[in-house]
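All remarks here apply to the structure that follows.
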Amino acid sequence: MERLKRYLVFLAGLFIASLGVSLITKADLGTSPISSIPYVLSLGFPFTLGEFTIAFSLLLIVLQLLILRRNFKKEDLLQIPVSILFGYFIDLTMLLLSWLQPQDYCLKVLFLLLGCIVLGFGVYLEILANVVMLPGESFVRAVSVTWNTDFGITKVVFDASMTAIAGLLSLLLFQGLQGVREGTVVSALLVGFIARFFGKALRFVQPLLFGKYESLPDISAEES
């Protein structure tokens, strides 16, 4: 029963996180770092943000397999259905928010901040459930474990690399920056902080849901 509740919480977090990603994207000030490559590609090719998110996530899983080799666990394969579901959730929430096209810069900033809050809450729920990591964080973990690097520093380097690659792709495809803007930096700075805030403010939720308190994994990562 507890495991079922954990998966239900995780699914809720996954959907809420996808809504946060879509809100940030619809704000039209760039998207979150890990979503930046799929988003730029979706602007240049006839595939959706969700479809490119799935493809990019599967690539990260393959890279984990190459890095970890024998240390790649069977339960890590759960990332595959989770990635597919997350991609479809993104497309669904983008469709639900198709009406949202803010023109005023202040409104764009407002929806960007709202998206960061929603994404941060979704990340908190995913970590609270503690059943599976999304490919972005799992890839960072694989690198940090294999080469004995600090997880936080590795995550920062990973996010910066994703943003730089997305910027390069944008320059190649559009001869200018599209999909990578100030909102990308804002979401990179805020989402992890917001997730940690929810983790501290809602410490009472875990024993209510699962009947016990456990130390949560580091809420410093953001998946979008």
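Just so we're aligned, residue 55 is where the sequence shown starts under this note's numbering, counting upward by one. Built from N, CA and C at the ideal position, the CB exists for glycine as well.
Alpha-carbon spacing of residue i relative to residue j, whole angstroms
| i | j | result |
| --- | --- | --- |
| A196 | S111 | 14 Å |
| F64 | L150 | 21 Å |
| L68 | Y61 | 10 Å |
| S192 | L122 | 11 Å |
| L182 | Q260 | 7 Å |
| L256 | L227 | 44 Å |
| L120 | L225 | 30 Å |
| R250 | G169 | 16 Å |
C-beta contact flag for residue i and residue j at 8 Å
| i | j | result |
| --- | --- | --- |
| L97 | Q229 | no |
| V234 | S86 | no |
| G237 | I115 | no |
| V172 | G104 | no |
| V186 | Q133 | yes |
| I281 | M216 | The structure shown does not extend to residue 281, since the chain is modelled only from 55 to 278, so the question has no answer here. |
| T200 | I144 | no |
| L179 | A66 | yes |
Cβ separation of residue i and residue j, assumed to be a contact under 8 Å, to the nearest whole Å
| i | j | result |
| --- | --- | --- |
| F175 | F258 | Not confirmed; about 16 Å, so no contact. |
| A242 | V177 | Actually they do not touch by this definition, with Cβ atoms about 13 Å apart. |
| P189 | D82 | Going by Cβ atoms, the distance from P189 to D82 rounds to 26 Å, so no, they are not a contact pair. |
Where residue i falls, given that 16 or more other Cβ within 10 Å makes a residue buried
| i | result |
| --- | --- |
| K20 | Residue 20 cannot be examined here, being either before or after the span of the chain that is shown, 55 to 278. |
| A220 | buried |
| E129 | exposed |
| D56 | At residue 56 the sequence reads Glu, which differs from the Asp that was named. Exposed. |
| Y93 | buried |
Endpoints, alpha helix (DSSP H) assigned at residue i
| i | result |
| --- | --- |
| L95 | 87-98 |
| R124 | First-last for R124: undefined, no H or E at that position. |
| A218 | 205-228 |
| E180 | 159-183 |
| T200 | 189-200 |
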